[in-house]
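Quick note on our numbering: the sequence shown kicks off at 4 and runs consecutively. Note that the Cβ used here is the ideal one computed from N, Cα and C, for glycine as well. Just so you know, these numbers come straight off a predicted model, no measurement behind them.
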Amino acid sequence: MARSAVPRARLVVGASLLMLLGVLALLILPSRYQQAPVAADSSRADDSSAPLERIDAHAHLSVGCLPQLLGLMNRYGFSHIVDLSGSAPGGRLKQHLAQARASGGRITVYMTFPGHEMQTPGFGDRIAAMLAEAHDMGARGLKVPKGLGLGWVDDQGKLVAVDDSRLDPVFDAAGRLGMPVSIHTADPKAFWLPPDKNNERYAELTVHPGWSFYDQPVPSWNELLDQLERRIARHPHTIFVAVHFGNDAEEPDRVARMLRTYPNMYIDTAARIPEFGRHPPDQMRQFFIEFQDRILYGTDLGVGVEPYDLMLGSSGADPVTQADVDRFFRQSYRYFETADKNMETPTPIQGAWTINGINLPRSVLAKLYAGNARRIIPLDEGPANDR
Ligand SMILES: [Zn+2]
4 MARSAVPRAR LVVGASLLML LGVLALLILP SRYQQAPVAA DSSRADDSSA
54 PLERIDAHAH LSVGCLPQLL GLMNRYGFSH IVDLSGSAPG GRLKQHLAQA
104 RASGGRITVY MTFPGHEMQT PGFGDRIAAM LAEAHDMGAR GLKVPKGLGL
154 GWVDDQGKLV AVDDSRLDPV FDAAGRLGMP VSIHTADPKA FWLPPDKNNE
204 RYAELTVHPG WSFYDQPVPS WNELLDQLER RIARHPHTIF VAVHFGNDAE
254 EPDRVARMLR TYPNMYIDTA ARIPEFGRHP PDQMRQFFIE FQDRILYGTD
304 LGVGVEPYDL MLGSSGADPV TQADVDRFFR QSYRYFETAD KNMETPTPIQ
354 GAWTINGINL PRSVLAKLYA GNARRIIPLD EGPANDR
């Protein structure tokens, strides 16, 4: 889920001191995560044994999470991670960027769309100016949460639509600045249905009743997807990453149509393997091969300050265990890299069903895991690229 479910750091120590302490702690203390990397534990996509580079293009970091994050990245084989929760100038963007600098070139920070700005007229130009300022500070992209279309209102108290023309300057500016836009619109269809025992996401909605849009004064699911499409169509020079499998894991055919229609559109896999993994594996294998240049690997991992203060695509009622974390990454890799049948999904609470692996060719995996992110995201990889 795009909202960062990880509680904010309670510490109010200066950010740089915090970074220093974090890095020192990492050097001195043995981390629980610093064990052998977990690979897919079944038949590989082919016989090459060289590890593939992995970049997580969709994560939510808390300021102060660096020791825990670096331990996770090393254990699960990530070279780089994109922090979509960077906040905005005037917010905590500066601290997120300081954390990225302290990582040694392993974190890229996006500005997060400041939805509350829309309560004051003139917000389009104002947010566009904030984006330019964020870019000057070192942010490399823009994250738009699902609050656009579902939660944020203007000065009249009216929901602002995803394709509201008053926001055109923001998305044009992103294109001019070379900042990709990761955009979350709507949510799984089940969240629009009654949150009762017949709902396939009943367990998740019980823990997070606020995620239900049933009977709420919000647009229909289809209307939101249409708004998203009009937004992407209007800005051909802006790169959009429609997160969560194009925000439509239930309808790969619709996502395929949009990818064929809009060359500026990409998608990520964040928190939706349990959803798109339910489609026939042959169909999904074909999808990932046809759109091998358009899909970014993303997890929706949320990382807090305390050990195991993690969001694994969603979050349940019970505390996260090491076994949960291993399952989250291992089952993701198994889905893409093997033809294993009837696997448990990476994220327990999203549903009780199983999924079948799609056994992608190694060349496709290389693009999915890292190549496509390298191509479209101006990654922040260290002092040489520092602005
Ligand atoms: Zn997210």
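Item: Please indicate yes or no: does the CB of L313 lie closer than 8 Å to some heavy atom of ligand 1?; Value: no
Item: Got a sec, what are the start and stop residues for the alpha helix (DSSP H) V328 sits in?; Value: 325-340
Item: CB of D303 to nearest heavy atom of ligand 1: below 8 Å?; Value: yes
Item: Is the region 320-331 in contact with the region 246-258, if contact means three or more CB pairs nearer than 8 Å?; Value: no
Item: Counting Cβ pairs, one atom from each stretch, are 3 or more of them under 8 Å apart for the region 197-214 and the region 304-311?; Value: no
Item: Going straight from the alpha carbon of D167 to that of L151, what length do you get?; Value: 10 Å
Item: Between the Cα of T85 and those of G154, H99, M287, Q334, spot the shortest distance and give me the residue it belongs to.; Value: Rather than Thr, the amino acid found at residue 85 in this sequence is Val. V85 has its Cα closest to that of H99, out of G154, H99, M287, Q334.
Item: Just mark W356 as buried or exposed, buried being the case when its beta carbon has 16 or more other beta carbons within 10 Å.; Value: exposed
Item: Measure the C-alpha to C-alpha separation of G144 and S335 and round it to an integer number of angstroms.; Value: 25 Å
Item: What residues in its chain sit with their C-beta under 7 Å from that of F290, if we drop five residues either side in the sequence?; Value: P255, A259
Item: Using the Cβ count rule (16 or more neighbours within 10 Å means buried), how would you classify S366?; Value: exposed
Item: So is Q159 buried or exposed if we call it buried at 16+ other beta carbons inside 10 Å?; Value: exposed
Item: Between which two residues does the beta strand (DSSP E) holding M114 run?; Value: 110-115
Item: Using a threshold of 8 Å, is the CB atom of A273 nearer than that to any non-hydrogen atom of ligand 1?; Value: yes
Item: Would you tell me roughly how many angstroms separate the C-alpha atoms of P191 and E253, rounded to the nearest one?; Value: 8 Å
Item: Over what stretch of residues does the beta strand (DSSP E) that includes F216 continue unbroken?; Value: Unbroken run through F216: none, as it is neither H nor E.
Item: Starting from K146, follow the beta strand (DSSP E) in both directions and report where the run begins and ends.; Value: 144-147
Item: Heavy atom of ligand 1 less than 8 Å from the Cβ of L87, yes or no?; Value: yes
Item: My parser needs the beta strand (DSSP E) runs of 3 or more residues fully inside the region 52-76; what are they?; Value: 58-64
Item: Any heavy atom of ligand 1 closer than 8 Å to the Cβ of V393?; Value: The structure shown does not extend to residue 393, since the chain is modelled only from 4 to 390, so the question has no answer here.
Item: In three-state DSSP terms, what is V308?; Value: coil
Item: Say yes only if the C-beta of V66 is nearer than 8 Å to one or more non-hydrogen atoms of ligand 1, and no if none qualify.; Value: no
Item: So K149 and H187 are supposed to be a Cβ contact under 8 Å. How far apart are they, rounded?; Value: 5 Å
Item: Any heavy atom of ligand 1 closer than 8 Å to the CB of V163?; Value: no
Item: Cβ of V246 versus every heavy atom of ligand 1: is any distance shorter than 8 Å?; Value: yes
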